[in-house]
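The sequence shown begins at 35 in this note's numbering and counts up by one.
A virtual CB, placed ideally from N, CA and C, is assigned to each residue, including glycine.
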Amino acid sequence: MILVVLVLCTIALFLTFVYMRSSALRLVLTAIFTLGLIASLVLVVENDSQHYGMTKVTTTKTTTLKSASSSSSMDMLLYQSVGTADKHRVYIYKQTSNQKKVSHTAADIKVANHVKTTTGATKLVTKSTRWEYKNSTAKFWFGLADNDHKLIKRTNTFYVKKNWVVLSTTQAKALSKLAKQQASTLKARAKVYVQNKVQAAMVKNPSMSKTQLAKLEKQAAAEYQASAMKSMIAEAKSSTK
């Protein structure tokens, strides 16, 4: 509405100068319209530069976080660097396990992303701060500026467990390629590793039951898989620097 008042005062001031003869009424109207024009202009500038009539409102939203990887054996949070210096990142994730299209954070300088390790549930906490009008009166006068709910800043904090892997999309592709290339070799080495573990355990305790042996084999296989994956992740990261 303040923009409407500004326009009307400008038009009225112009018409007063052009069509009215010099008189006391003309001076009064000129003063009124001039003051209205100046006041409207000042308020418009204050609203635009200092957010007059507005206040900062911060909202917090928590969503579930699921791995961006389609692999069930590894939980992964991916990111894509924006620019060459890796100062800004767009993170890629899922909110549900059966989500077909991945979600991602906005590529905006107003958006900051952080990744933290947690022992609790994996989640994404988003804090958004926006400019909002203080009341309906302020919105009535300045609402035409279309700046209500304007984003000031947003912080995305990803809480992931220790076993989660955080990789760039390039690193993830390199890791997938390595896993395919080394699949047969890793399988053979895993078999040898498990056999050696079992033999060493049986030397110490020849009376181990079948249940104990099965448990040991499963544990040894998991150990080797974790170690091998750690090595491949390190290789994928170093190959994409």
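| message | Tell me the residue span of the beta strand (DSSP E) that contains leucine 185. | response | It spans 184 to 194 - the beta strand (DSSP E) in which leucine 185 sits, taken as one unbroken run.
| query | Given alanine 254, which residues of its chain have a CB within under 8 Å of its CB, disregarding the five upstream and five downstream residues? | reply | These residues qualify, in order along the chain: Tyr227, Val228, Lys231, Val232.
| query | Are there 16 or more other CB atoms within 10 angstroms of the CB of isoleucine 186, so buried, or fewer, so exposed? | reply | That one is exposed.
| DSSP on methionine 54, reduced to helix/strand/coil? | Here methionine 54 carries a coil assignment [DSSP, helix/strand/coil].
| query | For the ligand COA, any of its heavy atoms closer than 7 Å to the Cβ of valine 199? | reply | Among the ligands in the structure shown, none appear at all, so the ligand COA cannot be discussed.
| request: With distances taken Cα to Cα, identify the nearest neighbour of isoleucine 36 among Arg60, Val79, Met242. | output: Val79
| Span separating the alpha-carbon of isoleucine 143 from that of glycine 117 | 12 Å
| field | Contact belief for leucine 71 with threonine 44 at Cβ below 8 Å, rounded distance in angstroms | value | 6 Å
| field | Secondary structure of threonine 204, DSSP reduced to three states | value | helix
| query | How far does the beta strand (DSSP E) with glutamine 114 in it reach, from first residue to last? | reply | 110 to 116
| query | Can you check whether the CB of threonine 93 is closer than 8 Å to the CB of serine 162? | reply | yes
| field | Bridge partner(s) assigned by DSSP for glutamate 80 | value | Its beta-bridge partners do not exist; DSSP assigns none.
| request: Compute the beta-carbon to beta-carbon distance between histidine 148 and threonine 191, rounded to the nearest angstrom, for a pair I have assumed lies under 8 Å. | output: 5 Å
| request: Check whether the Cβ atoms of leucine 209 and methionine 266 sit closer than 8 Å, and answer yes or no. | output: yes
| field | Where methionine 88 sits in the DSSP three-state scheme | value | For methionine 88, the three-state secondary structure derived from DSSP is strand.
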